[in-house]
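Okay, so the sequence shown: first residue is 1 according to UniProt numbering, each after it adds one.
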Amino acid sequence: MLMFGITNSGRAWHKMNKIVALAVRDCSGNPCAPECPPYPPCPPCPPCPPYCPPCCMPPPQSPPFQSCPRTKYDVKFIYVNDKPPNTKMRDFFDRASQIFFWTEIIRGFAVTLAHIFKEPATINYPFEKGPLSPRFRGEHALRRYPSGEERCIACKLCEAICPAQAITIDAEERADGSRRATRYDIDMTKCIFCGYCQEACPVDAIVEGPNFEYSTETHEELLYNKEKLLTNGDRWEPEIASNIKDNHLYR
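Pasting the structure below:
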């Protein structure tokens with residue numbers, strides 16, 4: 001319960017979380033408050049308006065309650081709750097048991113013992129790894145056909161759709177009239193792993209593979225070129241092909 005009071009000096013005091021009583025001065029006989037003798041003029045502080053009569057609220061230009069001179073009138077308490085504050089014996093004994101018998105420590109040990117024999121929710125990483133979704137977006141890779149030919153046709157759709165502008169492609173024409181990428185760079189420091197490049201590719205050449213363990217020590221190591229991406233594709237091709245097969249219903 002929050003005990004709120006106003007003393008002769010205008011100070012407020014509280015206890016717990018509920019308003020119990022208001023302390024006011026007995027102004028019966030005070031010539032300064034003829035309209036409402038039980039209440040002195042005071043400023044409209046936030047807790048008061050629900051309980052104080054409007055006639056006791058001074059206009060904004062009135063001096064604050066703290067500046068009012070002290071008077072001989074006594075302080076009285078007006079209970080605004082249904083019941084006056086009281087202390088139950090149950091609360092007293094509960095608090096005493098917590099202090100003298102350490103019941104809080106026993107409760108804490110009970111929670112620990114209740115979970116100590118359960119299956120752990122953690123794994124021993126990196127020796128154990130959890131499953132990854134087929135739609136997981138990890139390190140980028142360029143794929144090849146089973147014949148070893150590069151899948152990329154240098155259409156530059158991935159470069160155009162990349163919101164971070166992390167992809168740079170240069171192309172040239174082959175002898176048979178088709179196009180091939182001579183340069184395929186990805187700035188991994190810009191990439192936001194949105195997966196737009198993978199969705200835009202018409203031949204599933206650029207993908208985001210299952211690998212997420214590729215921390216580096218220098219910025220230059222995160223600037224991937226075509227050879228780096230093809231190496232990633234060769235390394236993760238079985239997992240990438242399986243993920244694309246499992247995810248084809250959602251694309």
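C-beta: ideal position from N, C-alpha, C; glycine also.
Note that the coordinates shown come from a computational prediction; the quantities given were computed from them, not determined experimentally.
Item                                                                                                        : Value
Straight-line Cα distance separating Ile186 from Asn225                                                     : 7 angstroms
Start and end residues, beta strand (DSSP E) containing Ala141                                              : His140 to Leu142
Exposure label - Phe88; buried when at least 16 CB within 10 Å                                              : Contrary to the premise, residue 88 reads as Lys rather than Phe in this sequence. Burial call: exposed.
Alpha carbon of Thr189 to alpha carbon of Gly195, nearest angstrom                                          : 15 angstroms
Beta-carbon proximity of Glu237 to Pro210, cut-off 8 angstroms                                              : no
Close Cβ partners of Asn247 (< 6 angstroms) along its chain, the five nearest in sequence each way excluded : Pro134 and Arg135
Span separating the alpha-carbon of Gly138 from that of Gln98                                               : 52 angstroms
Exposure of Tyr184, with buried meaning 16 or more beta-carbon neighbours within 10 Å                       : buried
Beta-carbon proximity list for Asp234, same chain, < 8 angstroms, skipping 5 on both sides                  : Arg144
Touch test, the stretch 214-225 against the stretch 149-158, Cβ-Cβ under 8 angstroms, three pairs minimum   : no
Short Cβ contact (8 angstroms threshold) for Ala181 with Ile169                                             : yes
Bridge-paired residues (DSSP) for Tyr184                                                                    : Ile169
Short CB-CB distance (under 8 angstroms) between Arg143 and chain D                                         : The question asks about chain D, but that chain is absent: this structure has only one protein chain.
C-alpha distance - Cys197 paired with Phe212, whole-angstrom precision                                      : 18 angstroms
Length of the line joining the Cα atoms of Asp204 and Arg251                                                : 12 angstroms
Helix, strand or coil at Ile192 according to DSSP, with G and I counted as helix                            : coil
Cβ-based burial, Ile206 [other Cβ within 10 Å; buried from 16]                                              : buried
Reference Pro163; option with closest CA among Glu227, Cys191 and Glu128                                    : Cys191
Euclidean distance between Cα positions of Arg120 and Arg107                                                : Checking the sequence, you will find Pro at residue 120 rather than Arg. If I take the Cα positions, the gap works out to 21 angstroms.
Classification of His115 by the beta-carbon crowding that lies within 10 angstroms, buried from 16 upward   : exposed
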